[in-house]
Structures are given as structure tokens and as C-alpha cells.
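Residue numbers (the numbering used here), protein chains in the order written: chain A, 39 to 354; chain B, 44 to 449; chain C, 3 to 268.
Backbone N, C-alpha and C fix where the C-beta goes; we use that ideal spot for every residue, glycine too.
Everything on this sheet refers to the single structure shown next.
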Amino acid sequence: MINDLITALGAEFVQLSLTPIVIGILAAIACALPGNFLLLRRQALIGDAISHVVLPGIVAAFLVTGTITAVPMMLGAGGAAIVAVVMIEIVKRLGRVEPGAAMGLVFTTLFAAGVLFLEITDTSSVHIDVQHALLGNLESLIWFDAEGWGSLIDPKALATLPPQLPRLAIVLVVIALFIFLFWKELKISTFDAAFAEAVGIRTRTLGFALVVATAIAAVAAFDAVGSIIVIAMFVCPPASARLMTNQLGRQVGWSVIFATISAILGYVFAGYGPGWFGSPYAVSAAGMIATISGLILMLTCLFGPQRKRIGQQAET
Amino acid sequence: MSFLDYFISALFLQAGYNSALVAVGAGLLGLSAGSAGAFIFLRKRALVSDAISHATLPGVGLAFMIMVAFGSDGRWLPGLIIGSAVSSAIGLVMVEWITRKTRLTEDAAIGAVLSVFFGFGIVLLTIIQTMSSGRQAGLENFLLGSTAGMLISEAMTIAIAGALAAGFVFLLRRPMTLVAFDPDYAATTGVNVRNIDLAMMGLALIVTVIGLKIVGLILIVALLIIPPVAARFWTNQVGPMIGIAAGVGGLSGYIGAVLSAAEASLPTGPIIVLVAFGFFLISALFSPLRGGLASWLRHQRFQRRVHRRQGLLSLARREPIYDGLTIRILRRAGMIRADGVATARGRIAAEKAARDEARWAMARRILPDDSAIERYDGLTPIERMMTPDQIAEIDHMIQTAQGAKA
Amino acid sequence: MSSAKLVAESGKILDVAAKDAPLTVRGLTVSYGNKPAVFSVDASIPAGSMTAIIGPNGAGKSTFLKGALGVVPRLSGEIRIFGKLFDEARDRVAYVPQRASVDWDFPARVIDVVLMGLYGSVGLFRLWRARHKQQAMECLKRVGMSDFADRQVGQLSGGQQQRVFLARALAQNAEFYLLDEPFAGVDAATERAIVSVLKELKSEGRTVVCVHHDLSTVAEYFDRVLLINVRRIAEGPVETTFTAENLQETYGGRLAATHIDELHLA
């Protein structure tokens with residue numbers, strides 16, 4: 039039995055599947071962590087808006103630098119996310135419109151601008167296209183030089199890991215650290231902004247920092263896994279987690295678990311699932327991970343112990 | 044023929060039957076999207092339409108697969124539209140269900156439905172790509188829209204459906220206005236709010252599915268959102284706002300389609316969205332009613348008036364003034380000298396402000412129900428809001444009160 | 003002579019005397035859009051007093067409180083708390099927002115909310131510890147809610163939620179308490195409990211300010227009033243300031259003469 043498992047998880051697994059799975063997990067958790075606070079602040083769709091503006095950010099970075107290396111692309115995408123957030127704020131204030139409409143206006147416009155620039159400039163020599171931005175290329179992030187589990191302790195093989203893996207690991211650490219260090223402030227200002235302001239928490243700065251963390255997660259994750267997973271992971275695991283518990287700490291814990299399960303099962307079903315039906319082709323891992331997270335949400339909506347709104351609500 | 048020549052001829056529908064039909068179709072689509080979007084905007088549910096549009100993708104994929112299974116080539120537009128309508132209707136029901144049955148809020152439900160449906164749709168598309176008939180399906184075009192190589196029958200379908208949707212909005216405009224403006228009141232007049240809400244979202248759904256081919260499912264939501272936001276800057280009334288939104292949407296669709304027909308490399312959907320954004324930008328900056336420029340000027344003027352008034356009152360009470368802005372304003376007006384002492388002019392103005400203040404205070408006491416009291420902004424001189432007779436009475440009361448104290 | 007003596011009718015604050023009062027406000031104007039919610043209000047709250055802020059709905063009572071604490075931006079005005087800027091005196095102040103201003107569906111237990119009041123004493127990058135929990139439990143005991151410590155806040159009644167808010171303020175151990183509508187929509191038992199805690203605070207020499215809307219209990223609960231209707235109408239001790247004439251000016255025709263008669267005022 040154990041031998042079977044070892045064969046199934048043998049050298050080929052390490053080479054072809056280990057890194058995509060790990061990258062998927064890292065990306066899912068990096069998005070789910072800030073997603074918890076976005077959910078409670080009624081800003082779940084900020085993640086949606088940000089992941090749409092990643093494409094124009096990359097295109098802008100390409101237009102400026104003429105290359106598609108990782109660093110300028112990530113800076114461009116991060117910059118676009120911040121531009122988008124500032125624009126949303128301006129539209130909201132100027133037009134005195136609801137946040138949803140302001141978001142919809144800004145992200146569609148920026149996305150349209152990105153697609154237009156992509157079409158009218160000659161980007162055929164390089165590999166950026168809309169599909170890539172939406173879907174990522176999780177399946178292609180394989181570890182060529184891995185020869186088995188032993189490679190995990192082989193410095194030479196480790197040096198050839200897909201660069202997305204260490205990048206996402208660093209981003210995840212930064213985001214986790216941000217949330218851990220500012221746990222009190224995030225919790226208080228999310229629950230009661232006026233009180234937070236009165237005890238000296240800079241709620242606006244903190245809110246902006248949360249959005250920046252969201253943008254960093256979105257930008258780091260999209261390159262590996264595409265925008266769809268990013269949006270799904272911002273919303274679905276935290277939403278499922280909220281239906282499991284009434285304590286913020288546990289909610290965050292559950293969201294990490296759900297994100298991990300989605301990433302693993304999604305990748306496995308996408309890669310191996312079609313084989314069970316006799317098809318030689320794999321399906322989109324990004325799409326499957328999003329689908330699994332949706333199924334988990336469906337289950338928690340039906341059976342989550344804290345799924346119902348109970349007790350007296352504060353009247354308006 | 045230069046781009047400009049072509050653009051101008053296309054603008055006046057002289058660039059060939061096909062592109063004229065596409066432009067008219069896009070215009071009608073924009074018209075119905077703008078007006079339907081206006082109701083959704085007023086109901087504050089703009090992003091529900093984002094969930095609807097993303098939720099079309101699995102339907103497109105499944106419809107294609109079913110049509111192929113029955114031996115057709117799978118690209119028949121009405122079939123794909125029906126499929127997308129069914130799956131986005133399911134998405135809409137899911138948003139409602141999650142919001143009603145669980146403690147999750149609508150924004151979370153929207154985010155979940157749009158990402159999961161879209162993700163599942165992508166899974167289906169990758170399956171279709173592996174099907175022998177799927178390789179040239181061109182279903183990716185539904186993501187961003189394309190009018191290149193559109194069949195005349197397809198353009199016809201879109202134009203007719205767009206006209207029907209616009210007619211639908213026109214028929215339902217009265218109950219939808221009621222519900223968008225004040226759902227509670229609408230309910231008391233016998234309007235079924237739930238059904239009207241459903242009809243509103245149904246319209247968004249119709250606009251979305253007929254717009255898929257031209258604008259694409261990622262951007263179609265812009266046609267529902269941007270025109271009403273732009274329209275809101277020009278008016279505070281529901282009726283005109285819907286008209287303006289319809290106009291902005293229609294023009295955006297029409298001009299965008301013409302532009303992209305004139306220059307084949309320009310993708311239709313993004314162009315239409317950017318034209319709409321142009322309308323928004325002009326409205327947001329320059330509308331005299333709620334535009335940014337006008338609001339900013341108004342706010343600056345108001346702040347200056349407040350500081351001027353408070354400074355004058357301080358002068359009248361012979362209190363020192365600390366606020367930097369107040370000092371600057373009074374100095375520039377020649378009311379105080381550099382050392383902060385009031386000039387002759389300043390003393391007169393201060394006295395006048397103090398008298399006005401005292402008159403208003405007395406007015407609140409003796410005429411509490413006068414409409415001027417309700418409308419008073421704290422700054423307008425009493426002469427402009429009350430009759431000389433009223434003011435004379437107020438002055439009389441002030442003298443009596445002072446006499447009593449003395 | 004009290005440290006913040008007022009020259010009554012003229013509406014002028016003696017600058018020097020009010021210097022170290024818990025709250026001194028000069029010319030506070032806050033405006034949403036171009037209509038001021040609070041216009042050029044002066045006020046001075048003496049130490050050890052218990053003041054009710056009174057005025058009709060939409061008259062800017064809550065906005066006055068928020069403007070004074072910088073929770074909403076002000077158009078003009080100078081604020082001093084214990085003679086200092088609010089930033090320098092923050093740990094001497096406890097603010098209790100309106101209960102309806104927060105989302106009670108938030109995933110937190112009663113004890114978690116009270117712990118928020120100890121924010122100032124926990125320190126940057128640190129978390130609440132056992133001794134903080136003990137302190138929080140004592141505050142819950144003072145408002146009679148210690149049995150509910152582990153309850154999710156959404157499961158509480160309105161009155162219980164208000165008590166939790168008060169416990170959170172007690173945890174701040176401040177010298178100056180500002181409460182926004184603490185009696186709105188609460189049951190009679192809660193109202194009694196809150197009043198007795200507030201009176202305790204006063205007897206310990208602390209200062210209390212409440213936005214209040216029930217005119218019939220003003221004289222019983224408070225010793226001073228601040229009447230606001232966008233502007234300051236009057237401020238001073240209940241006996242001399244809470245008069246029929248001032249109320250008529252504050253509420254205009256909305257407060258019928260018969261209602262004022264029922265208050266049995268001077």
C-alpha cells in the first residue's frame with residue numbers, strides 16, 4: 039500500500055506535478071489570507087477589480103521596457119492595481135456612486151485599455167495574451183532537473199526550480215507577516231472603524247495597506263495561475279470559512295485549509311481526472327481549482343455550522 | 044481611403060450594408076444596456092451584472108458541446124445565446140440563494156459565482172479544444188467580442204434582439220422607476236418588487252447574452268454600468284437620467300462599432316468601453332450640476348465663506364483668531380491688518396455679521412416653523428431669505444429682549 | 003470658580019479658564035456636501051461633569067462628537083482635549099460609537115470586542131494576553147455581562163450589545179467618556195445598568211458626555227446639557243439651561259408646547 043503510494047508519487051510526480059501543486063497552494067493561500075478581511079469589509083470585489091487590471095499593468099510595463107521579464111511586469115501590474123484603487127476612490131467620491139458601480143467602471147475601462155494596447159502594438163514576438171493572463175500556465179511550471187524526492191535536498195536541482203515558486207513563497211511570507219503583525223489593528227478597524235480611529239489606528243492607511251497586500255498577492259499569483267484562480271481564492275475560501283466558525287482566527291485557519299484543498303484537488307482532477315474518463319488530454323488546472331473552491335463553498339452553504347445569520351441585527 | 048474618410052462614411056452608414064448593420068446593432072445594444080443599467084445602478088446592484096456576464100461562459104461551452112453531439116457544427120449563434128442565458132440565469136439564482144439563505148453578503152456571492160462559473164467555463168473550453176470539431180470553434184471570441192467576419196444573419200439577430208430589449212425597457216419603465224427609487228413605497232402601491240427586480244436582472248441578462256458576440260463577456264458589464272454613472276452627473280431626476288444613460292450607451296455602441304470597423308485591428312468590445320469611458324470623463328469633469336470642477340469650486344467657495352463668517356464673528360466678539368486660513372481670507376479682503384487688528388472696513392463687516400447672527404438666533408426663537416429656518420445654510424444674510432416685515436419684527440424683539448435685560 | 007466658567011448669553015468661552023478642561027471646542031464646523039451639519043459650535047465640558055448633548059434628529063449631535071474626535075474631517079474649528087491636541091491625549095479618552103454603526107455579524111465573541119478596548123495597553127505587533135482577558139472579564143462583570151463572554155456578538159439583544167460596547171469603553175480606563183446614543187433601542191434594565199455605571203464613573207471623578215434623545219430623563223441622569231441644532235443653542239447646568247425657552251429654540255415647532263409642559267421645567 040505504502041509502496042503503491044510511493045510509486046504514484048515517484049520521480050515523475052516530483053518532476054511534473056510537485057511544483058505546480060506547491061505553487062498552486064502558495065498562490066491560493068496568499069490570496070485567501072487578505073480575502074478574509076476583504077470579505078468582512080464588504081470589499082470582496084476589490085479582488086475582482088484588481089485581478090482584471092493586472093493585464094493592462096503588464097501591457098504598460100511591456101510598452102515601457104520592451105521586455106517581458108518578471109520584475110517590470112510585476113511592478114507594472116502592482117502599479118496598475120494601485121492606480122485602479124485610487125481611481126475607484128475618486129469615482130466614488132466624485133460621482134457619489136456606490137462602490138460596486140465605481141469598481142465596475144474602473145476595471146472594465148482599464149481592462150479595455152489593456153486589450154486595446156495589446157492589439158495595436160506589436161506584441162506578437164513575445165508571449166503575452168489575454169488568455170495567458172486569465173488562465174496562467176500552472177501546468178507548464180514543471181521542475182525539469184528533478185530526478186526524484188532526493189532533488190529536494192540537492193542544491194543544484196533546487197536552483198532550477200521554477201522561479202514562480204520562491205517568488206510566491208516570499209509573497210506568502212510577507213502577507214502572512216503583515217496580517218500577523220497588524221492582527222489587532224485589522225480586526226478592530228474591520229469591526230468598528232469609528233472606534234478604531236478614536237483609539238489612534240490609522241484606518242485609511244491600514245485599509246490601503248490591505249489593498250496593497252491584495253494587489254501583491256494578485257500580481258504574484260496571476261503569473262503562475264492566472265486571474266480566475268486569483269478571484270476565486272480571494273472570495274471562495276474565506277466565504278466558506280465564515281460559514282464554519284464565529285471566530286476570526288479560526289475563520290482565517292479554515293480559509294487556509296479550504297484554499298489548500300482547492301489547489302490540490304483542482305490540480306489533481308485537472309491533470310488526472312480526464313484520464314479516468316479515458317481522455318488523454320488534461321483540462322485547465324486554473325479553471326478546475328476555481329471549480330473545486332466553488333463546490334466547497336456550495337457544501338458549506340448547505341452544511342456549514344455557522345451558515346445562518348442569527349440573532350438580532352442592529353437596526354439601521 | 045484614409046481612416047478618417049472611412050470613419051466618417053461609416054458613421055453615416057455608407058460603408059457597406061454589413062458594417063452598417065453591425066453599427067446599428069451595437070447602437071441598439073448600447074441603448075438597451077444603458078437604460079436597463081440605469082435601473083440596476085439606481086437599485087445599487089451594478090456588479091450583479093458582472094456575475095451574470097461571467098456566468099454565461101459554461102452555457103456557451105455546454106451549448107456548443109450539445110449542438111456538436113447532435114451533429115451540428117456548434118457555432119449557431121442563437122443556440123449559443125440560449126445556452127449562455129440558461130447558465131447565467133442559474134448564476135443569478137445562485138447569487139440570490141447565497142445572499143438569502145446564508146450570512147454571506149451579496150458582494151461575496153457575486154465574487155464567488157462569477158469566479159467559479161468562469162473557472163468552470165474555462166474547464167469546458169479546454170475540453171472543447173480537445174474535441175475534433177472544437178479546434179476552430181472560436182469560442183474565445185466570446186471573451187472579448189469581435190465583429191470581424193460577423194455573418195449578416197448574426198448582425199441581424201443582434202440588431203433585432205437589441206431593439207426588442209430596448210422596447211422591453213420602455214414598457215417596464217414605470218414600475219422599474221418606482222422600485223429603483225423607493226422599493227418600500229413601490230410595494231405599497233401594489234407593485235411586486237421581487238418580480239420587478241427579477242425583470243431588471245432579466246434585462247441585464249438579455250443585454251449580456253446578445254452583447255457577448257460584439258463586446259465579449261468580460262466587458263459587457265461596462266455597457267450596463269458606465270452610461271448610468273455618466274448620466275448621474277447631469278441630473279438629479281430619474282426620468283432624464285435614464286434617457287441620458289440610454290443615449291450615452293447607444294452612442295458608445297454605435298461610435299465604437301464604427302471605429303472598430305474602420306480600423307480592422309481595433310477590437311470592438313474594448314473600443315466601445317473606452318468610448319463610453321470618454322463620455323463618463325467629460326460628464327465627471329465638466330457637468331455643471333455634479334461634475335468635479337463645479338463641485339470643487341463650490342466647496343472652495345463654501346469653505347471660504349465659512350471661514351470669513353467665523354472670522355468676522357470672532358472680530359465682533361473681540362476674540363483673537365488663530366486659524367491660518369481665516370486670517371488669510373480676512374487679510375485679503377482688507378478686514379484686518381497684518382497685526383490682526385480689525386480695519387474700519389472689517390469692523391463694519393463684523394458688526395453686520397454679528398447683527399445677522401443675532402437676527403437669525405431670534406428668528407429661530409420666534410419663527411421656528413418658517414421655511415427659511417429649514418433652508419438656512421448658516422451663511423446667507425437674513426435679508427435674502429426673509430421679508431423686510433419679518434426682519435423688522437425680529438429687530439423689535441431683539442430690542443425688547445435687550446431692554447428687559449438692561 | 004470652576005475651571006471652565008462660561009459667560010452664559012454671549013456664547014463666549016473664557017480662553018484661559020477652559021484651558022485644561024476635558025473638552026474645549028471653538029468654531030467647529032463639519033459639513034457633508036455644502037450644507038453644514040454642525041456650524042461654528044463652541045463648547046466647553048468641565049471635568050467631573052455629566053453632560054447630555056440634546057437636539058432634534060439630524061441636528062448634528064453625533065457629528066459634533068465625531069468632529070470633536072476627528073473621526074470625521076472638519077471644515078474649521080479648534081479642538082482641545084485636556085488642553086492638548088487629541089493625538090496627544092488619546093489614551094485619556096474613550097469613545098462609544100452608535101451601536102447601529104457596526105456590523106454585528108462580525109466573527110467575534112463578546113470577550114473579543116471588550117479586548118479591543120485594551121488596544122492602547124497591548125503594544126505594537128503584540129497580541130492580547132491572559133492578564134488582558136482578566137481585565138476584560140472584570141469590565142464585563144461591571145455591566146452584568148460576564149456570563150456572555152463566549153457568545154458571538156450577533157446573538158446578543160440590542161441592550162446586551164450596548165452593554166458590551168460600554169464594557170469595551172470601561173476597559174480603556176479613560177478619564178473622559180463620550181457616548182453616542184447609548185440608550186437608543188435598549189431595554190429598561192440595560193438603561194438602568196448603563197446609567198448606574200456612568201454615575202459610578204462620575205463619582206470617580208471622570209467626565210461623561212452622552213448624545214441623548216430622551217428629554218424626560220435628562221434631569222435625572224445628567225447635570226449639564228449642551229443644546230445643539232446645527233449651531234449651539236445653549237450650554238450649562240441642567241437647572242439653568244434645560245429650560246422651556248431653550249428647548250423651544252432647539253426643537254422649533256417640532257416639540258409641541260404640551261410636551262415641554264410635561265417635563266415640568268422652570
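Could you pull out every residue in the same chain whose Cβ sits closer than 6 Å to the Cβ of residue i, ignoring the five residues on either side in sequence?
| i | result |
| --- | --- |
| C/Glu177 | Arg94 and Arg208 |
| C/Leu126 | none |
Can you give me the Cβ contacts of residue i inside the same chain, cut-off strictly under 7 Å, excluding the 5 residues immediately before and after it?
| i | result |
| --- | --- |
| B/Ala401 | Ile441 |
| A/Val91 | Ala118, Ala119, Ala122, Phe145, Leu148 and Phe149 |
| B/Ala327 | Phe276, Gly334 and Gly335 |
| A/Ala207 | Leu64 |
| B/Thr386 | Gly377, Met378, Ile379 and Arg380 |
Determine whether the Cβ of residue i lies closer than 9 Å to any Cβ atom of chain A.
| i | result |
| --- | --- |
| B/Ser158 | yes |
| C/Ala19 | Caution applies to C/Ala19, whose pLDDT of 44 falls short of 50 and renders its modelled position unreliable; the model cannot decide the point. |
| C/Gln136 | no |
| B/Gly126 | no |
| B/Ser78 | no |
| C/Val95 | yes |
Can the beta-carbon of residue i be found less than 9 Å from the beta-carbon of residue j?
| i | j | result |
| --- | --- | --- |
| B/Gly134 | B/Ala94 | yes |
| B/Ser78 | B/Gly286 | yes |
| A/Ala98 | A/Pro276 | no |
| B/Gly80 | B/Val250 | yes |
| C/Val73 | C/Phe108 | no |
| A/Met414 | A/Gln344 | Any answer about residue 414 of chain A is impossible in this case: the structure gives chain A only from 39 up to 354. |
| B/Leu266 | B/Gly254 | yes |
| C/Gly146 | C/Val188 | no |
| B/Ala404 | B/Leu355 | no |
| A/Val102 | A/Pro110 | yes |
List the DSSP bridge partners of residue i.
| i | result |
| --- | --- |
| C/Met52 | C/Val210 |
| C/Ser33 | C/Pro38 |
| C/Lys86 | C/Ile83 |
| B/Ala385 | B/Ile379 |
| B/Arg351 | Paired residues: none, contrary to the question. |
| C/Tyr97 | C/Leu180 |
| C/Leu230 | The sequence as given places Ile at residue 230 of chain C; Leu does not occur at that position. Beta-bridge pairing links C/Ile230 to C/Arg234. |
| C/Arg111 | C/Gln154 |
| C/Thr26 | C/Ser46 and C/Arg82 |
Among the residues of its own chain, which have a CB less than 8 Å from the CB of residue i, if the five just before and after it don't count?
| i | result |
| --- | --- |
| B/Leu248 | Ile95, Ala128, Ser131, Ala132 and Leu135 |
| A/Ala108 | Pro201, Arg205 and Asp261 |
| B/Ile141 | Leu147, Ala151, Ala152, Ala155 and Val156 |
Distance cutoff 9 Å, beta carbons only. Does residue i sit that close to anything in chain B?
| i | result |
| --- | --- |
| A/Gln81 | yes |
| C/Pro75 | no |
| A/His170 | no |
| A/Thr225 | Here residue 225 of chain A is Lys; the residue named in the question, Thr, does not match the sequence. A/Lys225 does not count as touching chain B. |
| A/Pro72 | no |
| C/Asp107 | yes |
How far does the beta strand (DSSP E) with residue i in it extend, from its first residue to its last?
| i | result |
| --- | --- |
| C/Arg233 | Arg233 to Pro239 |
Taking the continuous alpha helix (DSSP H) assigned at residue i, which residues delimit it?
| i | result |
| --- | --- |
| C/Phe178 | It is not in any alpha helix (DSSP H) - C/Phe178 instead sits in the beta strand (DSSP E) that spans Phe178 to Asp182. |
| B/Ala229 | Pro226 to Thr231 |
| B/Val250 | Val236 to Val258 |
| B/Asn61 | Tyr60 to Leu85 |
| A/Pro110 | Ala108 to Gly133 |
| C/Arg134 | Note on identity: in this sequence residue 134 of chain C is His, with Arg being the wrong assignment. It spans Ala132 to Arg144 - the alpha helix (DSSP H) in which C/His134 sits, taken as one unbroken run. |
| B/Asp93 | Val91 to His97 |
Name, please, each residue of chain D whose Cβ falls closer than 8 Å to the Cβ of residue i.
| i | result |
| --- | --- |
| A/Gly133 | Any reference to chain D falls outside this structure, whose protein chains are A, B and C. |
I want to see whether chain C comes within less than 9 Å of residue i, judged by CB atoms only; does it?
| i | result |
| --- | --- |
| B/Asp366 | yes |
| A/Glu353 | Only weak support is given to the placement of A/Glu353: the predicted model assigns it a pLDDT of 37, under 50, and the question is left unresolved by the model. |
| B/Ala404 | yes |
| A/Thr338 | no |
| A/Ala236 | yes |
| A/Ile348 | yes |
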